[in-house]
Amino acid sequence: MTIEVNVLETKRFGILAAHVIDSTASPETIDSAARNKGVKMLTVRIPAPDLPRVHAFEAAGYLLMDTLVYYTRKLGELPPRSPPPNGISFRHAASEDADQVANVAQAGFAGYMGHYHADPRLDLGAADAAYVEWAETSTARISSAAPVLVAENGDGIVGFLTLRSNNSEEMEIVLNAVEPASHGQGIYGMLVGEALALAESRGFSRVVTSTQINNYTVQRVWSQLGFYHSRSLYTFHKWL
1 MTIEVNVLET KRFGILAAHV IDSTASPETI DSAARNKGVK MLTVRIPAPD LPRVHAFEAA
61 GYLLMDTLVY YTRKLGELPP RSPPPNGISF RHAASEDADQ VANVAQAGFA GYMGHYHADP
121 RLDLGAADAA YVEWAETSTA RISSAAPVLV AENGDGIVGF LTLRSNNSEE MEIVLNAVEP
181 ASHGQGIYGM LVGEALALAE SRGFSRVVTS TQINNYTVQR VWSQLGFYHS RSLYTFHKWL
């Protein structure tokens, strides 16, 4: 299979959207498969060092939307975790927390510049809503392989972090945010620390995560926690 329909994007943006799952297929093969399915928007991610493939997709009309940077943290001998700020505690989320997590995502992702926001043909409000729905759905469908951690105070949840087991060795931090009113307390870094401890307790050997290349704040936090930059991907869109 060359492409796969993205159900969330299709629902959110009201067009049939798909992403490329065959990392070797040519742009011509991908475009043909998309047209046969009636796909309107294609998304493909290409490793940054693969410049011949990047140039081939640019020549075929694909437009660069963002650059993802991936960071890796090897586990073993994690440093002691700092005590949380007064009134803040951390726990595993339950599915009933989905609404509160969605509210945090709505506030936390306001003004975020992802590949949806970079595409002038996509509605900005719908782009914001895509991240909110992603956070809400992840919490509603939590499992042992895809847990969600939350930070809360006396008024409710103020931060969240979703995880996914990629394989027996690797756990990934997928989506996370802290409400703006709670910034400056170190909550995000502590959530990441909780995620590292959870992954280590379950026998994983590493944790990976990613963000936009210009999201410098979280990259500084990751570096302070022992993560290192391990790879980069370009995200391209094409409308058919």
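Quick note: the sequence shown, position 42, residue 42 per UniProt numbering, numbers continuous.
Each residue gets a CB set at the ideal place from its N, CA and C atoms; glycine is no exception.
query = Considering only the beta carbon of each residue, do residue 175 and residue 135 sit closer than 8 Å?
reply = yes
task = Take residue 106 and list the residues in its own chain whose beta-carbon comes closer than 7 Å to its own, dropping the five residues that flank it on each side.
result = 132
task = Tell me the start and end of each unbroken alpha helix (DSSP H) in the region 18-106 that is at least 4 residues and wholly inside, in chain order.
result = 27-37 and 51-59
query = How many Å lie between residue 32 and residue 126 at the Cα?
reply = 28 Å
inquiry  = Could you check whether the region 222-231 touches the region 64-74, counting it as contact only if at least three pairs of C-beta atoms, one from each stretch, sit closer than 8 Å?
reply    = yes
ask   = Is the Cβ-Cβ distance between residue 190 and residue 89 less than 8 Å?
value = no
request  = Assign residue 52 to one of two classes, buried (16 or more other C-beta atoms within 10 Å of its C-beta) or exposed (fewer than that).
outcome  = exposed
ask   = How big is the Cα-Cα spacing for residue 66 and residue 47?
value = 12 Å
query = For residue 1, which three-state DSSP category applies?
reply = coil
query = What are the boundary residues of the alpha helix (DSSP H) that includes residue 232?
reply = Segment 228-239 is the beta strand (DSSP E) holding residue 232; no alpha helix (DSSP H) there.
key: C-beta atoms of residue 146 and residue 159 nearer than 8 Å   = no
key: Enclosing beta strand (DSSP E) for residue 189 [first to last residue]   = DSSP places residue 189 in no beta strand (DSSP E) but in the uninterrupted alpha helix (DSSP H) bounded by 187-201.
task = Quickly, what does DSSP pair residue 152 with across the bridge? List them, please.
result = 89 and 157
query = Nearest-angstrom Cα distance between residue 1 and residue 21?
reply = 7 Å
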